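Residues in the sequence shown are numbered consecutively from 3, following our numbering.
Beta carbons are placed, not taken as given, at the ideal position from N, Cα and C, and that holds for glycine.
Bear in mind the structure is a predicted one, so any value in this text is a computation, not a measurement.
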Amino acid sequence: MHGPGIGTYHEEEALGKAYDARLVKRLWQYMRPYKGRIMLSLFFLLILSGFQLLQPYLVKRAIDEHILAGELRGLMLIVGIFFLAIIGEFFFGFLESLITSKTGQLVVFDLRIKIFRHLMTLSSRFFDRNPIGRLITRLTTDVEALEEMFAYGVVTILGDILKLVAIVVILFAVDFKLSLVTFAIVPFLLISTMFFRLKARDAFRAIRLTLARINSVLHENITGMGIVQMFSRERANRRQFEQVNDNLLGSQLRSVFYESGLSALVEFIGSVGLALILWYGGGQIVRNTLTFGSLVLFIQLVERFFEPIFSLSQQYTIMQSAMAASERIFKLLDSKDVIEDSPQPAPLDAVHGKIEFRNVGFGYKPDEPVIRDVSFKIKPGEKIAIVGATGAGKTTLIKLLTRMYDVTAGSILIDGKDIRGVDKHLLRRNIGMVLQDVFLFSGDIDYNIRLGNEALSPEMVKAAARKANVDAFINRFPGRYREPIKERGKNLSSGERQLISFARAFAYEPKILVLDEATSNVDTTTEILIQQAVRQLMQGRTSIVIAHRLSTIQGVDRIFVMHKGQLVEEGTHSELMKRQGIYYRLYLLQYKEQEASSPRPRPASPRKPPTVVKTSRMDGGSDSD
Numbered sequence: 003m004h005g006p007g008i009g010t011y012h013e014e015e016a017l018g019k020a021y022d023a024r025l026v027k028r029l030w031q032y033m034r035p036y037k038g039r040i041m042l043s044l045f046f047l048l049i050l051s052g053f054q055l056l057q058p059y060l061v062k063r064a065i066d067e068h069i070l071a072g073e074l075r076g077l078m079l080i081v082g083i084f085f086l087a088i089i090g091e092f093f094f095g096f097l098e099s100l101i102t103s104k105t106g107q108l109v110v111f112d113l114r115i116k117i118f119r120h121l122m123t124l125s126s127r128f129f130d131r132n133p134i135g136r137l138i139t140r141l142t143t144d145v146e147a148l149e150e151m152f153a154y155g156v157v158t159i160l161g162d163i164l165k166l167v168a169i170v171v172i173l174f175a176v177d178f179k180l181s182l183v184t185f186a187i188v189p190f191l192l193i194s195t196m197f198f199r200l201k202a203r204d205a206f207r208a209i210r211l212t213l214a215r216i217n218s219v220l221h222e223n224i225t226g227m228g229i230v231q232m233f234s235r236e237r238a239n240r241r242q243f244e245q246v247n248d249n250l251l252g253s254q255l256r257s258v259f260y261e262s263g264l265s266a267l268v269e270f271i272g273s274v275g276l277a278l279i280l281w282y283g284g285g286q287i288v289r290n291t292l293t294f295g296s297l298v299l300f301i302q303l304v305e306r307f308f309e310p311i312f313s314l315s316q317q318y319t320i321m322q323s324a325m326a327a328s329e330r331i332f333k334l335l336d337s338k339d340v341i342e343d344s345p346q347p348a349p350l351d352a353v354h355g356k357i358e359f360r361n362v363g364f365g366y367k368p369d370e371p372v373i374r375d376v377s378f379k380i381k382p383g384e385k386i387a388i389v390g391a392t393g394a395g396k397t398t399l400i401k402l403l404t405r406m407y408d409v410t411a412g413s414i415l416i417d418g419k420d421i422r423g424v425d426k427h428l429l430r431r432n433i434g435m436v437l438q439d440v441f442l443f444s445g446d447i448d449y450n451i452r453l454g455n456e457a458l459s460p461e462m463v464k465a466a467a468r469k470a471n472v473d474a475f476i477n478r479f480p481g482r483y484r485e486p487i488k489e490r491g492k493n494l495s496s497g498e499r500q501l502i503s504f505a506r507a508f509a510y511e512p513k514i515l516v517l518d519e520a521t522s523n524v525d526t527t528t529e530i531l532i533q534q535a536v537r538q539l540m541q542g543r544t545s546i547v548i549a550h551r552l553s554t555i556q557g558v559d560r561i562f563v564m565h566k567g568q569l570v571e572e573g574t575h576s577e578l579m580k581r582q583g584i585y586y587r588l589y590l591l592q593y594k595e596q597e598a599s600s601p602r603p604r605p606a607s608p609r610k611p612p613t614v615v616k617t618s619r620m621d622g623g624s625d626s627d
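Below, the structure is given as structure tokens:
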């Protein structure tokens, strides 16, 4: 059984039948802003080609008019012009390469920014369906393939084609019959190139597909390394990775085979062409119908003729890699799985915190409803708890409230306004989300509290930290608020991460607070600090607690009981216990579990409060209910 990282990638494999011309047309949209640079680079390339083609002609003149004729007068002039042609070739080659490379970097910079911005607009549904490794591949490996094409492919291909045309014209002008003999091998070259072209394209598509799989496997195993080692999965996961890596090796070897075959074929055909020139051209020299200098000119031009052909074969490899990458990039950019704002969003000023669910229905899949006809009202400042078994729909309700998903039936209102008619960013700025899993970014403590909000002054950040009881431990660090934080806060304890997340909530001052009650353990001192922060944070705010331990929510105003996507019970703790319904059974079940794990009576452990993060910077907590 394969893990998600090695599963089937139907969407990836469905790609690869796109028409290259369509892809090139779309890629041109990103090159168009730099068409001036491209034209200048092409102009320099034409001058460069002129200097390159001038050199064989100068050699012909030197042989026919001076060396064979024994006339040294004027030879130094030709040598001087030849030397200037070499200098011109170097100078314009440098300029062309510099401008082309810089243009390619600028185009790729714009494309990478557009992809990242597009990712920021996509809904949670999209990220639930797509492995992170695949998305990372789009921004790294695939963009790098396009970078090579933009930097070296486009202008070089145009220059090579123009050089081929110029060489053909010169050759036919020098000797028509010898040119016909020389180009008799061209049809064979074209047929062979088409064969390798089709094979190479399939190989490059397979490489892109397998690279995406490898990135997913790597991301999954590295982020989950603790679980892998805890359950002794190293050997099994190593075999899984070796399997995918072996598939990549096979695809790459096929690509190398066809690329090497095409290069060798071009060289072979070039050698055959030179042999034909020596055979037919030598006979013409013997019959005095062709000069020796013209034969040398022919040989040099034919060698230069096959140089751009060989270059084009290499550029074809680059282009096929880029086409395979662009197919997937445009597939991502064409994704429309976004939460759309209303064309004229309603203002959401001075939020009081009144929440209403009206006959709300939702399903992650059209034929599989998760939430069914849920209705309730929460008054401003009221504190309610949502309870239920795993999969009951608790977390889904919060995702709908914050518009991570949109309802498929009914409506959700805040202060009487349908949230679908409100700007989603403004909505989320007024809702504080408290998750079990605290997500901290690489940076310093100050950044992780303010999350890039420059409107928060240093004094406001410190005030929020004091309210969250985190100021004392921050000041123990050498860098204090500038103390570096490693990826996901790995250099901090669980309690320290939770306290920082509370400081975030205090800094943003949400009108509505959602607490996903944490279940992990922290030390007693930290837990007391967290409890104090929770009580202060909930004051004066509409608060919703996703409860896992029923013993911790008895003091809320009301309790909502979810069961299989429906709101089945509502009331206070005492009211629900008297009804002896689902809440009653859940409470007794937890009580029995606590008794079984505690053979001797002891004081109940203090409540471990949740952790906070603003929903405008969602931490991406668990989707499980």
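Inter-residue distance for I331 and F197 is about 27 Å (C-alpha atoms, whole angstroms).
Burial check for K401: the Cβ neighbour count within 10 Å reaches 16 or more, so the residue is buried. Under DSSP, S413 takes part in a beta bridge, and its partners are R360. Each of K488, D375, A175 and R237 was checked against the Cα of V409, and the nearest Cα belongs to D375. Nearest in C-alpha terms to A324, of all of I163, L591 and A205, is A205. Contact between the segment 509-518 and the segment 475-482 is absent: fewer than 3 CB-CB pairs across the two stretches fall below 8 Å. With 16 or more other CB atoms across the displayed protein chains lying within 10 angstroms of its CB, I388 is buried. For I40 and P189, the gap between their C-alpha atoms comes out near 32 Å. By the 16-neighbour rule on beta-carbons within 10 angstroms, P310 is buried. Take the alpha-carbon of L552 and the one of V558: they are about 11 Å apart. Per DSSP, the beta-bridge partners of L124 are V340. Take the alpha-carbon of E485 and the one of T392: they are about 38 Å apart. Separation of A277 and T212 (C-alpha to C-alpha, rounded to the nearest whole angstrom) is 44 Å. CA-to-CA, the gap between E73 and V298 works out to about 19 Å.
Taking C-alpha positions only, I320 is separated from R140 by approximately 17 Å. In this structure, the alpha-carbon of F307 lies about 16 Å from that of L47. Nearest in C-alpha terms to A326, of all of G497, L200 and A71, is L200. Given a length threshold of 3 residues, each whole run of the beta strand (DSSP E) inside the segment 478-531 is given here in chain order: 514-518. Approximately 11 Å separates the beta-carbon atoms of G363 and G395; this is outside 8 Å, ruling out the contact.
Three or more beta-carbon pairs separated by less than 8 Å link the segment 430-450 to the segment 492-510, which places the two stretches in contact.
In the same chain as G491, and ignoring 5 residues on each side of it, the C-beta atoms closer than 6 Å to its own belong to L442 and R499, in chain order. Closest by C-alpha distance to M33, out of L108, I80 and L335, is L108. Straight through space, the alpha carbons of G161 and I433 are spaced by roughly 58 Å.
F96 places its beta carbon 7 Å or farther from that of D339. A straight-line Cα-Cα distance of about 16 Å links E572 and S545.
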